[in-house]
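Notes follow the structure.
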Ligand SMILES: NC(=O)c1ccc[n+]([C@@H]2O[C@H](COP(=O)([O-])OP(=O)(O)OC[C@H]3O[C@@H](n4cnc5c(N)ncnc54)[C@H](O)[C@@H]3O)[C@@H](O)[C@H]2O)c1
């Protein structure tokens with residue numbers, strides 16, 4: 002097989018297009034309506050949600066990112082807020098502090114917001130940020146459900162003078178961009194399938210006996226936002242509120258929506274499918290331990306696209322009971338594999354890519370760099386007023402895929418693995434994945450003969466309305482009324498309808 006030269010890539014980029022920065026706006030920074038512009042021309046950033054990921058953003062805006070600086074922080078946890086303010090002070094930076102994001106948005110001396118609050122806040126905070134005239138970087142996923150993600154996209158279109166970027170950082174990986182040019186140019190032949198992998202260790206979060214007390218330092222009404230107001234029922238090593246919300250449907254979507262959204266986004270991008278699939282079906286369960294969490298630690302979702310299937314696999318249990326190491330699929334634990342007629346491409350968690358022939362011989366390592374420059378690209382976009390075309394909508398679709406996969410799972414029924422094997426035997430993607438999942442569960446001492454697995458229905462999707470469709474009214478109604486498709490919001494936290 003021919004080695005893929007840089008000249009080929011340049012040619013392919015003209016043929017196939019890529020993730021290009023396009024000049025969408027011409028205004029200069031400091032002339033932005035609602036942004037007074039700072040004395041030294043730096044973009045003044047407010048970081049919202051400053052525990053884990055938000056703390057990483059804050060560190061970057063304190064010292065690493067040129068042309069931007071943190072001037073404000075916001076968190077509903079007042080103890081954490083005070084701690085971070087002290088850390089900023091120790092780093093020589095005075096920041097304004099806010100418990101209520103809406104108050105931060107009133108500050109005209111903040112140009113951009115970086116949102117690293119939990120998933121259920123993302124769409125609403127993005128929309129509010131845009132309405133207040135701020136540029137917005139929203140962590141992935143864009144939404145907690147399909148409908149609200151569409152409203153966030155509509156807001157990005159409505160307030161198109163603002164820069165909006167989503168935290169699907171692999172979009173900044175030059176390796177993946179190059180791999181995509183290679184795929185579009187047909188260098189590996191037709192794509193047979195794309196597989197996203199999220200084999201990430203997820204231990205039990207422990208088991209409580211009932212509702213847990215929220216620490217006095219946390220404004221739980223603000224923390225809950227558009228979700229249903231209900232006391233936390235978890236209290237693992239992250240406490241009753243932070244981080245473990247990922248494993249509860251009211252706030253998160255399990256690991257497909259947590260880590261998996263990154264690999265989902267890359268897999269769909271590599272497939273070249275710019276929208277929702279025509280159908281989805283999932284199976285899985287929470288195996289190996291009993292704890293408070295609701296979301297599956299083992300999940301397979303098969304999405305039908307016109308070009309080829311997209312298969313997504315989540316595993317939270319290790320390779321084998323008692324081990325820490327995780328399984329790998331063609332060398333990938335958290336990554337993407339795209340199989341073509343003439344070979345395959347793998348993408349790592351950090352966004353580097355390699356090309357293999359069908360004998361598993363590496364024929365090319367793409368070495369332009371992984372996903373590290375995404376935050377800097379946001380700063381560049383804000384400075385230049387050049388928008389990264391369509392990135393928010395791309396994140397919407399990839400987030401929506403995770404929600405759709407979860408809706409199928411949530412509508413599923415527990416069945417014996419033998420019955421599931423029989424039901425999916427005509428579907429090569431599902432039955433091959435099921436075989437490997439059962440081996441994986443056996444290695445974790447799960448008795449697959451007696452333990453049941455949840456098998457969700459095959460749900461058809463109308464890409465235009467972004468709703469489930471079909472003749473089985475009871476199932477379709479249940480799917481469309483699932484909170485991961487759409488929910489009402491709560492009190493002052495209702496997501497406005499813009500689309
Ligand atoms: N891009 C990535 O690779 C990456 C990595 C990790 C996390 N994330 C994303 O970052 C987000 C945060 O994740 P985390 O692990 O830090 O979660 P976390 O629960 O540890 O932290 C979230 C913080 O947001 C605060 N918060 C909640 N509601 C708020 C509100 N209304 N206003 C202001 N602050 C609020 C919480 O008090 C908490 O301090 C998630 O959406 C996650 O998906 C992205």
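Numbering (our numbering), first residue to last: 2 to 500.
By construction, the Cβ of each residue, glycine as well, lies at the ideal position given by its N, Cα and C atoms.
- Non-local beta-carbon contacts of residue 336 in its own chain, meaning distances under 7 angstroms to residues more than five positions away in sequence, involve 198, 264, 347, 348, 349, 350 in chain order.
- For residue 132, the distance from the CB to the nearest heavy atom of ligand 1 is not below 7 angstroms.
- Bridge pairing for residue 284: 301, 456 [DSSP].
- For the pair residue 387 and residue 135, the Cα-to-Cα distance works out to about 15 angstroms.
- Judged by their CB atoms, residue 147 and residue 453 are not nearer to each other than the 8 angstroms cut-off.
- In the DSSP assignment, residue 470 falls within the unbroken beta strand (DSSP E) covering 468 to 470.
- Residue side-chain check: residue 141 places its Cβ nearer than 7 angstroms to a non-hydrogen atom of ligand 1.
- With the rule of 3 Cβ pairs closer than 8 angstroms, the stretch 204 to 217 counts as touching the stretch 238 to 251.
- Put simply, the backbone Cα of residue 403 is about 18 angstroms away from that of residue 307.
- With a contact defined as Cβ atoms closer than 8 angstroms, residue 372 and residue 118 miss out at about 21 angstroms.
- Distances between the C-beta of residue 224 and the heavy atoms of ligand 1 include at least one below 7 angstroms.
- In the structure shown, residue 347 adopts extended strand secondary structure according to DSSP, grouped into three states.
- Restricting attention to 274, 74, 470, the CA atom closest to the CA of residue 195 is found in 274.
- Looking at the DSSP output, residue 333 shares a beta bridge with 330.
- Non-local beta-carbon contacts of residue 58 in its own chain, meaning distances under 6 angstroms to residues more than five positions away in sequence, involve 48, 115, 117 in chain order.
- Around the beta-carbon of residue 92, fewer than 16 other beta-carbon atoms lie within 10 Å, marking it exposed.
- With respect to residue 310, residue 430 sits close: the two C-beta atoms are nearer than 8 angstroms.
- CA-to-CA, the gap between residue 324 and residue 242 works out to about 29 angstroms.
- In this structure residue 170 is buried. Its beta-carbon is surrounded by 16 or more other beta-carbon atoms within 10 angstroms.
- For residue 481, the three-state secondary structure derived from DSSP is helix.
- It is roughly 19 angstroms from the alpha-carbon of residue 230 to the alpha-carbon of residue 482.
- Counting only the Cα atoms, residue 492 lies some 15 angstroms from residue 103.
- No Cβ-Cβ contact shorter than 8 angstroms links residue 460 with residue 434.
- By alpha-carbon distance to residue 53, the top candidate from 45, 413, 140 is 140.
- For residue 176, the enclosing alpha helix (DSSP H) stretches over residues 175 to 185.
- Per DSSP, residue 88 is not a residue of any beta strand (DSSP E); the alpha helix (DSSP H) it occupies stretches across 79 to 91.
- Taking the Cβ of residue 117 as the reference point, at least one heavy atom of ligand 1 falls within a distance shorter than 7 angstroms.
- Spatial neighbours of residue 320 in its own chain (CB-CB distance under 7 angstroms, excluding positions within 5 residues in sequence) are listed in chain order as 326, 327, 328, 444.
- Between residue 355 and residue 366 a beta carbon distance of about 5 angstroms is seen, short of the 8 angstroms cut, so the two are scored as contacting.
- Restricting attention to 65, 101, 439, the CA atom closest to the CA of residue 300 is found in 439.
- Judged by DSSP secondary structure, residue 138 falls outside any alpha helix (DSSP H) and instead within the beta strand (DSSP E) spanning 136 to 139.
- By the criterion of a C-beta distance shorter than 8 angstroms, residue 129 is surrounded in its chain by 102, 103, 106, once the five residues flanking it on both sides are discounted.
- Secondary structure note for residue 194: its beta strand (DSSP E) is the uninterrupted segment 192 to 200.
- Here the C-alpha atom of residue 421 lies approximately 7 angstroms from the C-alpha atom of residue 456.
- Here residue 176 has 348, 352, 353, 354, 367, 368, 369, 370, 371 as same chain residues with Cβ atoms under 8 angstroms from its own Cβ, once five neighbours each way along the sequence are excluded.
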